[in-house]
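Here's the structure we're looking at; comments come further down.
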Amino acid sequence: MSVTTTFGYSAAEDRLWVSCSAWNTRLWLTRRMVQSVVSSVAQVLETVAAQPAGEPAPRGAEGAAREHDASLNQPQPGESGRALTLGRDSEEGAAELAAAPLCTRFRVTGTVRNAELVFGTREGDRSVQLSRVGLHRWLHALQMVLARTDWHEWQAPPEWLTRSYLPPALQNLLTTAAGPAAGDAPPPAA
């Protein structure tokens, strides 16, 4: 069974929320909890890196970076459409958030094939099972939402999680100063 996970940021609450198609309600995540989630999931991905049979496993960040890149850029068998999409919250969603429980505990376990994320609340635990590819995509989506917050006072996530996956030509367009506007005459020759 495939699951859909959605993240959002509430500036009014200064918290993230997470919902999963397998759960009946959303959960709130505080800054401290999000830091724990990101570091725990990244650690699992760096510790248990998958590799093709017969090849030595790249260890640590290098192995996680390769696996992360492949997870985001290579379609999976039977996959149609985009794996990551941006959305907007609805009015009904705002009402649901008012009653959403706070996540107070988090645990992740992983193997070379899959992972389980367990979110603990006073009302009980909620879990989600993900493939390794799904875990990378889940963490990347969480990082995309984090990039829209002003939470800069904590430990930086691993470089492989925040690197740009745009081709170099597009990266240059976004990071270099713009040239003369269209229709402007070129500067006179000296």
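In our numbering, the protein residues as written are -18 to 171. Where is the CB? At the ideal position from N, CA and C, for every residue including glycine.
- When DSSP states are grouped into helix, strand and coil, residue 135 belongs to the coil group.
- Counting only residues of its own chain and dropping the five nearest sequence neighbours on each side, residue -14 has a CB closer than 8 Å to the CB of -1, 0, 1, 2, 109, 119, 122.
- Along the length of the stretch 93 to 126, whole beta strand (DSSP E) runs at least 3 residues long occupy 95 to 102, 105 to 112, reported in chain order.
- In the structure shown, the three-state DSSP call for residue 12 is helix.
- Secondary structure at residue 4: coil, using DSSP grouped into helix, strand and coil.
- The continuous alpha helix (DSSP H) containing residue 52 extends over residues 41 to 54.
- For residue 90, the uninterrupted beta strand (DSSP E) segment begins and ends at 86 to 91.
- Within the same chain, Cβ atoms closer than 6 Å to the Cβ of residue 116 are found at 96, the five residues on either side in sequence being excluded.
- DSSP, reduced to helix, strand and coil, places residue -9 within a strand of the structure shown.
- Here the alpha carbons of residue 87 and residue 49 stand approximately 22 Å from one another.
- If you draw a straight line from the Cα of residue 42 to the Cα of residue 4, it comes to about 32 Å.
- If you look at residue 83, you'll find it isn't in any alpha helix (DSSP H); DSSP assigns it neither H nor E.
- In this chain, residue 130 is not harboured by any alpha helix (DSSP H), its DSSP state being neither H nor E.
- In the DSSP annotation of this structure, the continuous segment of the alpha helix (DSSP H) that includes residue 143 starts and ends at 140 to 143.
- In this structure, the CA atom of residue 20 is about 14 Å from the CA atom of residue 29.
- Listed in chain order, the non-local C-beta contacts of residue 84 below 7 Å within the same chain comprise 8, 9, 10, 14, 100, 101, 102, local neighbours out to five positions each way being set aside.
- Of 44, 139, 55, -8, the smallest CA-CA separation from residue 130 is found for -8.
- In this structure, the beta-carbon distance from residue 51 to residue 139 does not fall below 8 Å.
- In the DSSP assignment, the residues bridged to residue -1 are -12, 8.
- Here DSSP, grouped into helix, strand and coil, assigns residue 25 to helix.
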